[in-house]
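Going by the numbering used here, the first residue of the sequence shown is number -17, and it counts up by one from there. Glycine included, every Cβ here is placed at the ideal spot set by N, Cα and C.
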Amino acid sequence: MGTASFLTRSRDLLHIRNQLVRECLAELLSTFILIIITLSGSAQKITSFETKGNLLTSYLAGALAVMVGIYTAGGISGAHMNPAFSFAMCLVGQFPWWKFPIFVVVQTLASFISAGAVYILYYGTGEQHWTREPHGDAGVARLMDMFCLCPPDAIWHYSNGTLTVSGPRETASIFATYPADYVSIANGFLDQVIGTGVLMVGVMGIMDTRNKAVPKGLEPVVVGLLVLSIESSMGSNCGCPLNPARDIGPRLFTYVAGWGPEVFRWVEGRG
-17 MGTASFLTRS RDLLHIRNQL VRECLAELLS TFILIIITLS GSAQKITSFE
33 TKGNLLTSYL AGALAVMVGI YTAGGISGAH MNPAFSFAMC LVGQFPWWKF
83 PIFVVVQTLA SFISAGAVYI LYYGTGEQHW TREPHGDAGV ARLMDMFCLC
133 PPDAIWHYSN GTLTVSGPRE TASIFATYPA DYVSIANGFL DQVIGTGVLM
183 VGVMGIMDTR NKAVPKGLEP VVVGLLVLSI ESSMGSNCGC PLNPARDIGP
233 RLFTYVAGWG PEVFRWVEGR G
């Protein structure tokens, strides 16, 4: 009885009554889950030299992450997880415009935090930690060395301790997407407009009750399959981010974590 009473009082104390705060926290959590799974799938593929993952597994990770994110917060915030989707909902009158900038900030912040979590999970301090060799000028990397937060492998092992955006051992693409060498700025823009447009139309079609209904409770699964189909067919040009927050948040993190301003520049012959 005592334990049950304590749990009841704790639940009442921690209960958040403000609806906007509840929605923002739900959006933060769902976007965090989406991005950490997506980036981890990419990190596992790259840092294992594709022995423990490949393009298909990274696509599957991203698609299943969308499904999990919707199941996590769909009933509270709608689990937008994507500024483009929030914008589309505003255009059709299903989401208030005044909430749009709030959701964009929350989604971008969650993506930034997710990138930090993946960095901690996969960065590794390797032999440099034991020999007390510095990783470089990045404050985040020095902090990692100080507290030895990571195992001795992953990004450090793969990149030989150098955080680069281009070259055969680049690791920036774990966090953000970069266009293929042959893609122009105009073509890259068109690629993302078409890909994101297909995603928005598909999701709205799934949500539209006038269409053939998806079995109740399986909507997130169908949305995940939609994302997988787009990734599998439109991913070669730009990596198929389809989500401004998914790209901007992690890209900002790589900028402050040691990859430098090159993460914001197009570099010919990245790979």
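Close-in-space but distant-in-sequence residues of the same chain around residue i (CB under 7 angstroms, 5 per side omitted)
i	result
L21	S96, A97, V100, I156, F157 and P232
A55	A8, E9, L11, S12 and A61
G35	G23, Q26 and K27
H(-3)	none
L234	F94
R114	With a pLDDT of only 40 at R114, under 50, the local geometry of the prediction cannot be trusted, and no value is derived from it.
F14	A92, I95 and S96
Inter-residue Cα distance where the pair is residue i and residue j
i	j	result
V147	T(-10)	51 angstroms
C6	W79	15 angstroms
S(-7)	Y140	Note that residue -7 is Arg in the sequence shown here, rather than Ser. Straight-line Cα distance between these residues: approximately 45 angstroms.
C132	F94	In this predicted model, C132 has a pLDDT of only 45, less than 50, meaning its place in the structure is not dependable enough to derive any value.
S40	V238	25 angstroms
A227	T(-15)	42 angstroms
I180	L224	Residue 180 is actually Val in this sequence, not Ile. Looking at the two C-alpha atoms, the distance is approximately 10 angstroms.
I58	F67	16 angstroms
I17	L(-5)	30 angstroms
G217	R4	34 angstroms
I167	P65	21 angstroms
E109	P243	Here the model assigns E109 a pLDDT of 42, short of 50, so the residue's position is not dependable and the matter cannot be decided.
F69	V88	14 angstroms
S(-13)	R(-1)	21 angstroms
T29	S214	22 angstroms
I188	V86	23 angstroms
V204	A43	15 angstroms
I289	V165	Given that the chain is displayed from residue -17 to residue 253, the structure contains no residue 289 and the question cannot be resolved.
G143	Y105	9 angstroms
E201	A195	9 angstroms
D229	R192	34 angstroms
R247	T159	12 angstroms
E32	M186	35 angstroms
L73	G149	41 angstroms
V50	F82	22 angstroms
Residues near residue i by beta carbon distance below 6 angstroms, same chain, minus five either side
i	result
T236	A154, F157 and V245
Q1	none
G170	P161 and C220
A47	L16, I19 and T20
A45	G206, V209 and L210
Residue range of the alpha helix (DSSP H) that includes residue i
i	result
Q18	At residue 18 the sequence reads Ile, which differs from the Gln that was named. That run of the alpha helix (DSSP H) goes Q1 to T29.
R228	P226 to T236
D173	I167 to M189
P202	E201 to M216
H139	A136 to S141
Residues of its chain near residue i, where Cβ-Cβ distance is below 8 angstroms and the 5 sequence neighbours each way are ignored
i	result
Q174	C220, P223 and L224
I176	M216
Could you tell me which uninterrupted alpha helix (DSSP H) segments, each at least 4 residues in length, are contained entirely in the region 42 to 84, listed from first to last along the chain?
-> 65 to 73
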